[in-house]
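Novice:
In our numbering, the protein residues as written are 3 to 100.
(1) Using a Cβ-Cβ cut-off of 7 Å (strictly less than) and excluding sequence neighbours within five positions of residue 28, which residues of its own chain qualify?
(2) How about residue 31 and residue 81: are their beta carbons less than 8 Å apart?
(3) Of the choices 76, 5, 99, 92, whose alpha-carbon is the least far from that of residue 26?
(4) What first and last residue would you give for the alpha helix (DSSP H) that runs through residue 80?
(5) Can you tell me whether residue 35 is buried or exposed? The criterion is at least 16 other CB atoms within 10 Å of its CB, across all chains shown.
(6) Alpha carbon to alpha carbon, how far is residue 38 from residue 90?
(7) By a C-beta neighbour count over all protein chains shown, 10 Å radius and 16 as the cutoff for buried, is residue 86 buried or exposed?
(8) Evaluate residue 56 with the Cβ neighbour count: other Cβ atoms within 10 Å of its Cβ, from every protein chain shown; 16 or more gives buried, anything less gives exposed.
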C-alpha cells in the first residue's frame with residue numbers, strides 16, 4: 003500500500019512540475035506574441051484582425067521553439083528576452099533625445 007501511495011505522489015509531483023513548466027512556456031510565448039503584435043501595430047498600422055493573427059502566430063511559434071527545453075533553457079530564454087527588450091528601450095529613449 004505504501005508503494006502505491008509513493009507512486010501516486012511521484013506522478014502528482016511530476017505532473018505539477020510539467021504543468022508549471024508548460025505555463026512558463028505559455029507565458030513566454032504570449033509575452034513575445036503581444037510585444038511583436040504591438041510593435042507591428044505601431045509600425046505598420048495593421049488592423050485588429052492582423053494584430054491578433056500576429057499575436058497568435060508569434061505565440062505559437064515561440065511555444066513550439068521552446069517546447070523541448072527544460073527549466074534552465076526557458077529561464078535563460080526569458081532573461082535574454084528581458085535583456086533584449088531593455089536594450090531596445092534604451093535605444094528608443096536615446097534616439098528620442100537626439
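Here a beta-carbon is modelled for each residue, glycine too, at the ideal position from N, C-alpha and C.
Specialist: Looking at the coordinates:
(1) Cβ within range, chain order: 65.
(2) no
(3) 76
(4) Here the alpha helix (DSSP H) through residue 80 covers 73 to 99.
(5) By the neighbour-count criterion, in which a residue is buried when 16 or more other Cβ atoms sit within 10 angstroms of its Cβ, residue 35 is buried.
(6) 13 Å
(7) So residue 86 ends up on the exposed side.
(8) Answer is buried; the Cβ neighbour count reaches 16.
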